[in-house]
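>
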Amino acid sequence: MTERTPLSFGAIERELGPLVERSWQSFAMPVLELRVDNLLPVVAGLRDRFDFALFLDVTAVDYPERSPRFDLVYHFYSRRHHQRIRLKVPVPAERPVVPTLTGHYGSARYMEREVHDMYGIEFAGNADLRPILLYEGFVGHPLRKDYPIEREQPVVPYRAG
Amino acid sequence: MNASPPIAAHLDRSADGGNVVVNIGPSHPATHGTIQIVAELDGETVKRADVHCGYLHRGFEKEAEHHTYHKVIPYVDRLNYCSALNNGFAYAEAVEKLLGIELTRRCIVIRTLLCEYNRIADHVTCVAASIMEMGAMTAFLYLMTVRDYIFEHLNHLTGARLTYSYVRIGGLARDLPEGWLTRLEEILVFTERYLERIHGLLDHNRIFIDRTRDVAVMTPEHALNWGFTGPTLRSTGLALDLRKDAPYLAYPELDFEVPVGIKGDNYDRYYVRMCEIDESIAMVRECVGLLSDGPVSVDDPRVTLPEKEAVYTEIEALVHHFKLVSQGIVVPAGEIYVSHEAPNGELGFYLVSDGTSRPYKLHVRAPSFVHMGGMHTLLEGYEVADVVPTFGSMNMVGGECDR
Chain A
22 MTERTPLSFG AIERELGPLV ERSWQSFAMP VLELRVDNLL PVVAGLRDRF DFALFLDVTA
82 VDYPERSPRF DLVYHFYSRR HHQRIRLKVP VPAERPVVPT LTGHYGSARY MEREVHDMYG
142 IEFAGNADLR PILLYEGFVG HPLRKDYPIE REQPVVPYRA G
Chain B
5 MNASPPIAAH LDRSADGGNV VVNIGPSHPA THGTIQIVAE LDGETVKRAD VHCGYLHRGF
65 EKEAEHHTYH KVIPYVDRLN YCSALNNGFA YAEAVEKLLG IELTRRCIVI RTLLCEYNRI
125 ADHVTCVAAS IMEMGAMTAF LYLMTVRDYI FEHLNHLTGA RLTYSYVRIG GLARDLPEGW
185 LTRLEEILVF TERYLERIHG LLDHNRIFID RTRDVAVMTP EHALNWGFTG PTLRSTGLAL
245 DLRKDAPYLA YPELDFEVPV GIKGDNYDRY YVRMCEIDES IAMVRECVGL LSDGPVSVDD
305 PRVTLPEKEA VYTEIEALVH HFKLVSQGIV VPAGEIYVSH EAPNGELGFY LVSDGTSRPY
365 KLHVRAPSFV HMGGMHTLLE GYEVADVVPT FGSMNMVGGE CDR
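Protein chains in written order, with our numbering: chain A, 22 to 182; chain B, 5 to 407.
So this is what it looks like as C-alpha cells:
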C-alpha cells in the first residue's frame, strides 16, 4: 500500500491561491472555483505538485437564469494523498469555449466529447469533438435545461400507424 | 430505406492505400453490449482503432432530472446490470449524505455484503464471457452456473435476477428472508469449488496463455493517463482501491488484500479478477459474522415510509405516506460527488440538488465509458484476433458506458 499523506487544504491554497477565485470544502472535498484562463495552469499545478495523476470526470451544470450560464465541473484524484478535488469553471453561454485538457490527460479526449455533445461547450484544442453518445445531425444539446425531455429526433423515421 | 451511419469514422478518409478498414460491431457476438470498433488493418495488425459508443444511450441523466429521488433507483440499476446493487448503493449514499442520514448498523453490513456478492457475479460474468470468446466453452459454462446460482439467490432476496431496485434512500427495501444466509454459504462453497476448476482449466493452459500473455500490455502511468480504474488499473501493479483508500460502508472493519498484476496485460486482468473473487468471498463471510439484529432502514420521517398497518388505520400515517409517494423526498440544496469501487472501477455520482424533490443534475462517472476512451491504445499494434480478448478483459458494460 502507498503511504497515506493527508493533503492540507492550506497547502493547495498557498500554491495555487493567486489563480483561484474562491475555494471552500464540500463534504471533505476541496473545491476551487476559477476563471477559464487559469484552468490549464491550475490543472498543471495540481498534477505536478500534488500528484493528481488521475483525471476522473468532467461534466457541466446548466443554470439558464444565471450569467455565466454554465458551470464546468472537473474531478481529479491524487494518488499520493488519496484525495479528490473539484474544480468549477463558470462558462458564459455567449462564448462557451474552454481549453482542452487532452494535453495533460489522455482520458480528457472522450469525456470532453460527451460534454460537447450534451451541453455544446467547445473544448479548444481537442481535435476530435465528433458526437459520442449522440449521432451526427442531432440538433441541440439534450442536457441543457431548455431542451424539452419529450423532444424526439429518430435516426430512422417511425413507421406510420 | 436509407439509413446513414450515426458517426463518420475518420479512418475512412485517412486510411493508407494499402490498409484495410474493418468494422467490428456495433452488432457483433463479441461486442456483448453494442459498440463499434473501426480498425485500420495492415495485414493482421491493427494500425489504428476508433472506438464508437453511444448505441445504448437512453438519456439517463436527463431522465433523472425529471424523476423524484426514489424513482431514479430503477434507472440506476440499469447502468451496470451485472452488478446493479453496487450502482444503487453508490447513488443512495450520495442522496443520503446530502440529507445527512446515518444508516443503521444492519443496513451498512448488508449493503457491504451485497456489494461484494454482486462483485463476484460481475467478475464471474466478465471472465466467463471473455474466455468463451477464446473458445473455452467448459469454463464459460462452469462460471455461468455460478452466476446463475447467485442471481437466483438475489432473486429470492429482491424479486429480480438483474435489476433489483432493492436500495432505498435511508435503507433497504426489505430485510434478508428466512434461510437466505444458509443458502449463501452453500453458494460460496460451490463457487470456491468451481473457481478451482477454472484455475485448473486456464492458469497454465498453453492456448489461453498464448492468447492473453503480453497482449495489450500497459504501464501504471499509461493506465492513469487514460483514466483506467478498478481491476484494469490494478492489473498494472498499482494497488489503488477505493475500499482501502477512501473506505465507505463497513470496509474499514474488513480484512482483505488488494490483488495486483505485474505487467498489465490480458492475463493479469483475468488473474486480478479471479483473486478479487477470492477476496470477495472472504469479505462476504466476514460480513455475515458482523451482522447484528436491528432495523434495515432509518427511522426518519423525511425518507422512510410509515408502516403499512398504520397507513390504513391512522390519518397522519396516511398523509405522510401520500406526501412521500406523490411529492417525494426533499433533499437540501448542495452538491456532492460520491464514488464507490464498483466491479469495473471507480463509479462516481455527482449530484446537485436545488432543494426540491428532484435532482437538479445527476451525473454518472461511468468506468466503462472512460475505459472505452483509452481502449484504442490497447488495440493498436496488436493483431486483429487480439481485439476480442482485449475488449473482453475491459469488461465494458453497455448500459453503464452509454447511460
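Positions of the beta carbon are idealized from the N, C-alpha and C atoms, including for glycine.
Quick check: Pro120(A) and Arg90(A), are their CB atoms within less than 8 angstroms of each other?
In the first sequence, the residue the question calls residue 120(A) occupies position 99. In the first sequence, the residue the question calls residue 90(A) occupies position 69. Contact: no.
> Name, going along the chain, the residues of the segment 113-135 of chain A whose beta-carbon falls closer than 8 angstroms to a beta-carbon of chain B.
Tyr126, Gly127, Ser128, Arg130, Tyr131, Met132 and Glu135
> Output the distance between the C-alpha atoms of Asp259(B) and Leu192(B), rounded to the nearest integer angstrom.
The residue given as residue 259(B) occupies position 255 in the second sequence. The residue given as residue 192(B) occupies position 188 in the second sequence. Asp259(B) and Leu192(B): Cα-Cα distance of roughly 18 angstroms.
> Reducing DSSP to helix, strand and coil, say where Ala140(B) ends up.
Here the question's residue 140(B) lines up with position 136 in the second sequence. Of the three classes helix, strand and coil, the one that applies to Ala140(B) here is coil, per DSSP.
> Just curious, the beta strand (DSSP E) that Pro120(A) is in, first and last residue?
In the first sequence, the residue the question calls residue 120(A) occupies position 99. Taken as a continuous stretch (DSSP letters only), the beta strand (DSSP E) holding Pro120(A) covers Val118 to Pro120.
> Which residues in the same chain as Phe76(A) place their Cβ atom closer than 7 angstroms to its Cβ, once the five residues preceding and following it in sequence are excluded?
For this step, residue 76(A) is matched to residue 55 along the first sequence. Contacts found: Phe97, Leu122, Tyr126, Ser128 and Ala129.
> Return the CA-CA distance between Asp269(B) and Phe159(A), expressed in angstroms with no decimal places.
Taking the first residue of the second sequence as 1, we reach residue 269(B) at position 265. Taking the first residue of the first sequence as 1, we reach residue 159(A) at position 138. C-alpha separation (whole angstroms): 38 angstroms.
> Checking contacts by CB at 8 angstroms: is Ile170(A) closer than that to chain B?
Within the first sequence, residue 170(A) is the residue found at index 149, counting from 1. Closer than 8 angstroms to some Cβ of chain B, the Cβ of Ile170(A) qualifies, so yes.
> What in chain A is Cβ-close to Arg201(B), meaning under 7 angstroms?
The residue you call residue 201(B) lines up with position 197 of the second sequence. At a C-beta separation below 7 angstroms, Arg201(B) has no neighbours in chain A, since its nearest C-beta there lies roughly 32 angstroms away.
> Using a Cβ-Cβ cutoff of less than 6 angstroms, which residues in the same chain neighbour Glu290(B) once the five nearest sequence positions on both sides are dropped?
Residue 290(B) sits at position 286 when you count from the first residue of the second sequence. The answer, listed in chain order, is Leu258.
> Restricting to Cα atoms, I'd like to know which of Pro169(A), Arg134(A) and Asn147(A) is closest to Glu157(A).
Counted from its first residue, the first sequence places residue 157(A) at position 136. The option with the nearest alpha carbon to Glu157(A) is Arg134(A).
> When the Cα atoms are used, what is the spatial distance from Phe212(B) to His324(B)?
Here residue 212(B) refers to the residue found at position 208 of the second sequence. Here residue 324(B) refers to the residue found at position 320 of the second sequence. If you take the alpha carbons of Phe212(B) and His324(B), they lie about 59 angstroms apart.
> Three-state secondary structure (DSSP) at Met222(B)?
One-based indexing of the second sequence puts residue 222(B) at position 218. Coil at Met222(B), not helix or strand.
> Relative to the C-alpha of Gly241(B), which candidate in Tyr255(B), Tyr275(B) and Asp54(B) has its C-alpha closest?
Looking up residue 241(B) in the second sequence gives position 237. Checking every option, the nearest Cα to that of Gly241(B) belongs to Tyr275(B).
> Among Pro251(B), Tyr252(B) and Glu280(B), whose alpha-carbon lies nearest the alpha-carbon of Arg238(B)?
Taking the second sequence and counting its residues from 1, one reaches residue 238(B) at position 234. Checked all of Pro251(B), Tyr252(B) and Glu280(B); the closest Cα to Arg238(B) is Glu280(B).
> If contacts are defined as beta-carbon pairs under 8 angstroms, then Phe232(B) and Gly104(B) qualify, I think. What distance do you get, rounded to the angstrom?
Within the second sequence, residue 232(B) is the residue found at index 228, counting from 1. Within the second sequence, residue 104(B) is the residue found at index 100, counting from 1. Not quite, the Cβ-Cβ distance comes to about 34 angstroms (not below 8 angstroms), so this is no contact.
> CB-CB under 8 angstroms to Tyr198(B), same chain, minus the five flanking residues each way: which ones, in chain order?
Position 194 of the second sequence, counted from the first residue, corresponds to residue 198(B). Cβ within range, chain order: Tyr146, Leu147, Thr149 and Val150.
> I want to verify the contact list: residues of chain B whose CB lies under 9 angstroms from the CB of His96(A), in sequence order.
Taking the first residue of the first sequence as 1, we reach residue 96(A) at position 75. The contacting residues are Tyr341, Ser343, Gly352, Tyr354 and Arg369.
> Using beta carbons (cut-off 8 angstroms, strictly below), is Phe30(A) in contact with chain B?
Reading the first sequence from its first residue, position 9 is the one you call residue 30(A). Output row for Phe30(A): interface = no.
> Name the one or two DSSP bridge partners that Gln331(B) has.
Your numbering for residue 331(B) matches position 327 in the second sequence. DSSP, once it has assigned bridges, lists no residue as partnering Gln331(B).
> Quick one: residues in its chain with C-beta nearer than 8 angstroms to the C-beta of Leu206(B), no 5 flanking neighbours on either side, listed in chain order?
As a working mapping, residue 206(B) is identified with position 202 in the second sequence. Ile135, Ala140, Ala143, Phe212 and Tyr274.
> Kindly say whether Ala74(A), judged by its beta-carbon, lies nearer than 8 angstroms to any beta-carbon of chain B.
As a first step, residue 74(A) is located in the first sequence; it is residue number 53 there, counting from the start. Answer yes: the Cβ-Cβ gap between Ala74(A) and chain B drops below 8 angstroms somewhere.
> Can you pull out the residues from the segment 61-72 of chain B whose beta carbon lies closer than 9 angstroms to at least one beta carbon of chain A?
His61, Gly63, Glu65, Lys66, Glu67, Glu69 and His70
> At the level of alpha carbons, what is the spacing between His74(B) and Gly141(A)?
Taking the second sequence and counting its residues from 1, one reaches residue 74(B) at position 70. Taking the first sequence and counting its residues from 1, one reaches residue 141(A) at position 120. Taking the straight line from one Cα to the other gives about 30 angstroms.
> In terms of alpha-carbon separation, which member of Asp282(B), Leu102(B) and Met138(B) lies closest to Val334(B)?
Residue 334(B) sits at position 330 when you count from the first residue of the second sequence. It is Leu102(B) whose Cα lies nearest to the Cα of Val334(B).
> Pull out every residue of the segment 371-389 of chain B whose Cβ sits closer than 8 angstroms to any Cβ of chain A, in chain order.
Phe373, Val374, Met376, Gly377, Gly378 and Thr381
> Sorted by chain position, which residues of the same chain lie with C-beta nearer than 6 angstroms to Val315(B)'s C-beta, five sequence neighbours on each side aside?
The residue you call residue 315(B) lines up with position 311 of the second sequence. Ala321, Leu322 and His325.
> Considering Val388(B), what are the terminal residues of the beta strand (DSSP E) in which it resides?
Indexing the second sequence from 1 puts residue 388(B) at position 384. Where Val388(B) is concerned, there is no enclosing beta strand (DSSP E), given that its DSSP letter is neither H nor E.
> Do Cys57(B) and Phe373(B) have their C-beta atoms closer together than 8 angstroms?
Within the second sequence, the letter at position 53 stands for residue 57(B). Within the second sequence, the letter at position 369 stands for residue 373(B). Yes.
> Give me the Cα-Cα distance between Asn91(B) and Ala32(A), rounded to the nearest whole angstrom.
What you label residue 91(B) is simply residue 87 of the second sequence in a count that begins at 1. What you label residue 32(A) is simply residue 11 of the first sequence in a count that begins at 1. The alpha-carbon atoms of Asn91(B) and Ala32(A) are separated by roughly 34 angstroms.
> Shortest alpha-carbon distance to Val300(B) belongs to which of His36(B), Asp214(B), Lys312(B) and Arg115(B)?
Position 296 of the second sequence holds residue 300(B). Taking the Cα of Val300(B) as reference, the smallest distance to any Cα among His36(B), Asp214(B), Lys312(B) and Arg115(B) is reached at Arg115(B).
> Just how far apart, CA to CA, sit Arg62(B) and Tyr79(B)?
Position 58 of the second sequence, counted from the first residue, corresponds to residue 62(B). Position 75 of the second sequence, counted from the first residue, corresponds to residue 79(B). The alpha-carbon separation between Arg62(B) and Tyr79(B) amounts to approximately 10 angstroms.
> Since Glu345(B) and Asp245(B) are thought to touch, with beta carbons under 8 angstroms apart, how far apart are those beta carbons, to the nearest angstrom?
Position 341 of the second sequence holds residue 345(B). Position 241 of the second sequence holds residue 245(B). At roughly 6 angstroms, the Cβ-Cβ gap stays under 8 angstroms, so Glu345(B) and Asp245(B) are in contact.
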